[in-house]
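Take a look at the structure set out below.
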Amino acid sequence: MFRQRGPSPDRREVNYTREHVAIAKTIRRRRRVVRWINRHLGGIRALLFGIGVVWILALPLEALWRGTYVDEHALQPNQVNTYWDWSNVHRADRYLDELEQMVNSTQAERSDYLQRAFSASGHDASNTSTSTYAHVQPPRSNGLEVILVSANWMSRESKPNLRGVAILLALADFLRGQNYWANDLVLVVGEGYLDGLEGFMQEYYDRFNGVIWTALNVDYPGHSFEHIGLFYEGLNGRLPNQDVINSVAQIARWSGGVTTRMHDIEEQGYIGAARHLLNHAAYSAFGRASGAHGVLAKHRIDAITLYCPNATGPHGFYTLGKTIESTLRSFNNLLERLHASYFFYLIPRSGKFIPVGHYLPAAILLGASVTLGGFDCPDPVQGLIWTTPVVAITILGWVVQSPLVTFLAVAAPKPQGTARRSFLSLCHLFFGALIPTLAMVNFPQAIALAFITSGHLAPWRWVRWIMVGLNPALLGSDLRREWETLGNLTWVGIMSVWVPLGIVAAM
Amino acid sequence: MTSRTLISDVSQRHKLVLVVATGILLRVYLLFGTSAHILLRDRPELSTPQTSHRSLKEGVFQRINLPLTPGSANSELYVAIFSHLIPFNHWSWALTWIAADLGTSIALLSFANSLSTGASLNDPAIVASYLLNPYSIAACIAQATTSLDNLCIVFIAALAVRGHRLASMITLGLTAHVSPYVILLLPSFVLIAKTRRPGSWLSSVLVSCAAYAGASYALRIPLWTRLLDLQVNLKDLTPNSGMWWYFFTEIFDHFRTFFLCVFQLHILAYVLPLQIRLKSDPSLVVLVMLGTIATWRSYPSLGDLGLGMSLLSCFPNVVSDLRHPLFTASVYLYTAILLPLLHALWLLTGTGNANFFYAATMVHGLNSSLAIVDIVGAVFRSSLRKAAGPVRPGRERYIVQLTGAQ
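Heads up: the sequence lines are chains D and U, in that order. Here my numbering is used: the first residue of the first sequence is 673, the next is one more, and so on. Here my numbering is used: the first residue of the second sequence is 417, the next is one more, and so on.
Here is the structure:
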């Protein structure tokens, strides 16, 4: 029944039991595999990097895309009768005449005029230091939820957003007396391009009780338009719930009768999709908002900007008004925050999107190629000790608020031998961990970080020195200003990740 | 090629002073010079319902000013200490936590030195593994009572290893009031004390029980304390870095008792096999059990894990035989970034949900389990290495002589 127990084997003897042989074979196989991997580690890392790059280049291919759809059932786009008609267009035209007189007015004069116009429409109006607003209180609304509609004074073309403000005033007039709104509406005209609306949001909770779930921003500088451009990037790469974009696109198409484009680019094929994605990356990688709606993302408001670029085309106040009215009626149906559709997506073309599972592996592969370079650490304690000069120079850089401190590292002591290997391996592990984790929040910025990291930690000295030469100070001081005024975290990222990378590459 | 290293020619003693000074100055700066305390105080990874600093502060305030109110979820022993022995202001409390961390590192050093059987210990490394450990720094800045629990546990270990049997048993009885899972370490500590100072194990156990009962009597609370009830019955399902809370939000009520038993038995089941297999060295049982408790207890936090890691540094022969320490460390790095990020994505920005955070928690827990398996393997490998003696030059052990076979 029980195995016969013989005398205890001599442990120094080789091959003393069958199990010993089996385990010895396993150990030998494992050692051979690990040795193979270590010998070819550079090739494996290059392969992963290559597959990551190929994956990014494959993003504009249709195979990775899915069609968009409105996920939140409550939105019911296009299912409502709209009442915006030519008399409202006429009112908008009259407001436009008055606004055209005020192109060179001061902020106080503008605010005064707007408040009088809103009050004449029967709504409470007031102003903050950077914006003017009206509070529309429909009879059946209890004020607990609010929809925000904004039209800032400066358009993205650096001209006054006259028609945008005009349609906002006409909207205020149009909303009076309607009894099918369950939400309050707040109509805001902010000064400047982004700063006015941000200033309003900072004072919002002092003046209102309701919570804002959705918002629309109108940007209409020209005369007529042919199509509407939708901009959706928020600050720090935060995107609104995709339902906002999808429902606005649907509503504009079927209630307004006008087509929409993403970022105001419409092109076909691979190049067109690549241009869309690059345009999106140009905003997100720097954490910049593509419109005034972007400053609302920080306050957990899902919003987009409707941009009506100048054209000789057929559309004007009528189309835009119907679109806005029908969209606001859809937002009005919501009983809870938008949560059904995607928050993380890439849009290569109108009507198509790339879900997170189809684009995230690219960042993970790039991060893995960096992390795999970190498993050769003979002396972790020495490696950790050598991170002290890096941390010290980084803190100095933050104190003086300049990335040029990287060049101080040229004069710093340099590690040699096993200490250098350990130090570099720890750097690979640390920076390699940042790439996939950032990709979950802001994918374009993570890809930029991946390329910067791979360049700074490359095995070839000339690559490293080129990367050190491409100091982030070349990007100018805009990002620092945006951090101080709007809270754009890219500056913090540059000072706490790019600068240490430069120091490591210079050591 | 000679390796150019920083501060390699400084003596061990100076390095020790440097490490201690750095650890204390860092904590002093973070607690008094920045608002890091406010930022970290409520983080779910660092504070649990019974270790929460705010809850303790409220309990102490109630005890001082409103003596008849029921009090907070923290241990009554801590509430009593902080209401009667320590002045109620930010300075004294911060100094208490810094002193606790210093005490823990000194106790660790004493434990390691009494334990070592001739192998040269790297004293500064042991102290650095607690004082400069990011997990324990974070727990100290968050002023979670985990730092105080760690002090108590290492104090018991140091006392037991130095042969102060009665003192260590009394401390264990008192510690059971603040961290009930230390009861699982009772057999190991009894055995450690027995090897150093002969005495019956029954008397050790009885002394612990008497200390526990005595403290209950002095604090005027029942033997089944509110803390014990909270940890055993999992009354509070606040998210933390453990595996229990999400599971227990999902199950149906009529299965709750069954699953509670399964989860508690899971931890209990580790004690006996470890004691049997590692009979020769009960301090290793303490190491493995602390790691297990830190991962699988009902309300874990990162401070528990910090203690496990620093206890590992007291066993350099185990550390040198670990198979994948760098992999484990890098997964901990990933998890340390992902846990707060995904918690913010869930509750702050609202673009994720609880599953994201729990997935990061699961990666954290599974990585800890992997580390424990690695530690146990390293224990056996190092003991085999010691038993087999020195390697004969030119002949590797365990080579299979595949004469003729494939």
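Glycine included, C-beta positions come from ideal geometry on N, C-alpha and C.
- When beta bridges are read from the DSSP output, residue 760 of chain D appears opposite no residue.
- Cβ proximity to chain D below 7 Å picks out 541 from the stretch 538-561 of chain U.
- Look at the stretch 695-706 of chain D: the residues with a C-beta under 7 Å from a C-beta of chain U are 696, 697, 699 and 700.
- Within the DSSP secondary-structure output, residue 938 of chain D pairs in no beta bridge.
- Under the DSSP assignment, residue 445 of chain U falls outside any alpha helix (DSSP H); it carries neither an H nor an E label.
- The Cβ of residue 1080 of chain D sits no closer than 9 Å to any Cβ of chain U.
- Around the CB of residue 858 of chain D, 16 or more other CB atoms lie within 10 Å, so the residue is classed as buried.
- Look at residue 1086 of chain D here: in three-state DSSP terms it is coil, with no helix or strand label.
- Counting C-beta pairs closer than 8 Å gives fewer than three between the stretch 977-991 of chain D and the stretch 725-734 of chain D, which falls short of the contact rule.
- Within the stretch 764-783 of chain U, the residues whose Cβ lies closer than 7 Å to any Cβ of chain D are, in chain order, 765, 766 and 767.
- Residue range 817-822 is occupied by the beta strand (DSSP E) that includes residue 817 of chain D.
- Listed along chain D is no residue with a C-beta nearer than 8 Å to that of residue 445 of chain U; the closest approach is about 12 Å.
- Assigned with DSSP and collapsed to three states, residue 436 of chain U falls in helix.
- Taking the C-beta atoms as reference points, residue 562 of chain U is found nearer than 9 Å to residue 719 of chain U.
- Around the beta-carbon of residue 952 of chain D, 16 or more other beta-carbon atoms lie within 10 Å, marking it buried.
- Under DSSP, residue 798 of chain D forms a beta bridge with D/805.
- Within chain U, the residues whose beta carbon sits less than 8 Å from that of residue 1047 of chain D are 742 and 743, listed in sequence order.
- Counting C-beta atoms within 10 angstroms of its own C-beta, residue 524 of chain U has 16 or more neighbours from the protein chains shown and is therefore classed as buried.
- Contact with chain D is absent for residue 632 of chain U, since none of that chain's Cβ atoms lies less than 9 Å from the residue's Cβ.
- For residue 766 of chain U and residue 1032 of chain D, the gap between their C-alpha atoms comes out near 20 Å.
- The C-beta of residue 677 of chain U has fewer than 16 other C-beta atoms within 10 Å across all chains shown, which makes the residue exposed.
- Cβ contact annotation for residue 1173 of chain D (same chain, cutoff 7 Å, sequence separation greater than five): 1103, 1124, 1125 and 1128, in chain order.
- Taking 9 Å as the cut-off, the Cβ atoms of residue 835 of chain D and residue 747 of chain D do not count as close.
- Here residue 548 of chain U is not near residue 1052 of chain D, since their CB atoms are 9 Å or more apart.
- The DSSP assignment places 1052-1072 and 1089-1111 as complete runs of the alpha helix (DSSP H) inside the stretch 1043-1121 of chain D, in order along the chain (cut-off: 4 residues).
- Pairing residue 481 of chain U with residue 502 of chain U, the inter-Cα distance amounts to about 15 Å.
- The three-state secondary structure of residue 1144 of chain D, taken from DSSP, is helix.
- Between residue 979 of chain D and residue 993 of chain D, the C-beta gap is not smaller than 9 Å, which leaves the two residues out of contact.
- Within its own chain, the residues whose Cβ lies closer than 6 Å to the Cβ of residue 1037 of chain D, once the five positions on either side in sequence are excluded, are 720, 723 and 724, listed in chain order.
- A distance below 7 Å between beta-carbons, with the five flanking residues on each side excluded, links residue 1076 of chain D to the following residues of its chain, in chain order: 1143 and 1145.
- If you draw a straight line from the Cα of residue 847 of chain D to the Cα of residue 785 of chain D, it comes to about 19 Å.
- Contact with chain D is absent for residue 709 of chain U, since none of that chain's Cβ atoms lies less than 9 Å from the residue's Cβ.
- Taking the C-beta atoms as reference points, residue 938 of chain D is found no nearer than 9 Å to residue 945 of chain D.
- In this structure residue 1047 of chain D is not in contact with residue 1094 of chain D, their Cβ atoms being roughly 11 Å apart against a cut-off of 8 Å.
- In the displayed model, residue 1027 of chain D falls within a strand according to three-state DSSP.
- Under the Cβ criterion of 9 Å, residue 689 of chain D is not counted among the residues facing chain U.
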